[in-house]
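Protein chains in written order, with our numbering: chain A, 8 to 119; chain B, 117 to 229.
We put the beta carbon where it would ideally sit given N, CA and C, even for glycine.
Right, one structure below, let's go through it.
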């Protein structure tokens, strides 16, 4: 049977809508943050990153927002597509030893 | 360019048996990482290599886990003996030096019965 760990927070959005995935990080000394996408049976794939001296960074269809005051990170995906369906992880790096600490993932389900 | 290669992709063993995982990083990447990923959770670092030197193995359970990267390229992660709780996905990643983007392999899914 399934374990508790399978019950990831899930965000369900319709194709074409915008998605917002949130992440709370723990270490106020973290200076670098990354969003990863993980599809079933694959390793995490880099999406976008942001350094702590920035509040916002944009990529192709994706935007990351960083709020250091409340230690919150968000990933916005514009015009969500079926291929965006995956588990999304945020990761923080305290700047020493290139050590990433991953947060709890969020499963994004895109409905047609 | 080939990505990070891992083998085997799946492994099923009985508890108390040994098991080994192999990783070939992206060509030119001197930094190699092994992560453990439990179902529904994010990866957790086990060990990081800079060339052939293990520079961070603080999270590696050394009583049963070992790793090597003898020539600073390929790496092997071993568990002996395996326990039921070791069932997880073992991910390898590599990067071109300290602090740069990590590229992950597909992982090895281990099931211990």
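| Query | Result |
| --- | --- |
| Considering just the uninterrupted stretch of the beta strand (DSSP E) at residue 217 (chain B), what are its terminal residues? | First-last for residue 217 (chain B): undefined, no H or E at that position. |
| Return helix, strand or coil for residue 56 (chain A), following the three-state DSSP convention. | strand |
| Residue 230 (chain B) to residue 157 (chain B), Cα distance in whole Å? | Residue 230 (chain B) lies beyond the range of chain B shown here (117 to 229); nothing can be said about it. |
| Hey, residue 99 (chain A) and residue 53 (chain A): beta-carbon distance below 8 Å or not? | no |
| For residue 220 (chain B), would you say it is in contact with chain A, using Cβ-to-Cβ distances shorter than 8 Å as the test? | yes |
| Quick check: the segment 89-98 of chain A against the segment 160-167 of chain B, are at least 3 beta-carbon pairs closer than 8 Å? | no |
| Going along chain B, which residues have a C-beta under 8 Å from residue 112 (chain A)? | 156, 157 and 158 |
| With DSSP collapsed to three states, give me the class of residue 227 (chain B). | strand |
| Are there 16 or more other CB atoms within 10 angstroms of the CB of residue 91 (chain A), so buried, or fewer, so exposed? | buried |
| Pair every Cβ in the segment 202-222 of chain B with every Cβ in the segment 139-154 of chain B, then say whether three or more of these pairs are closer than 8 Å. | yes |
| With a cut-off of 8 Å, do at least 3 Cβ pairs link the segment 125-143 of chain B to the segment 172-191 of chain B? | yes |
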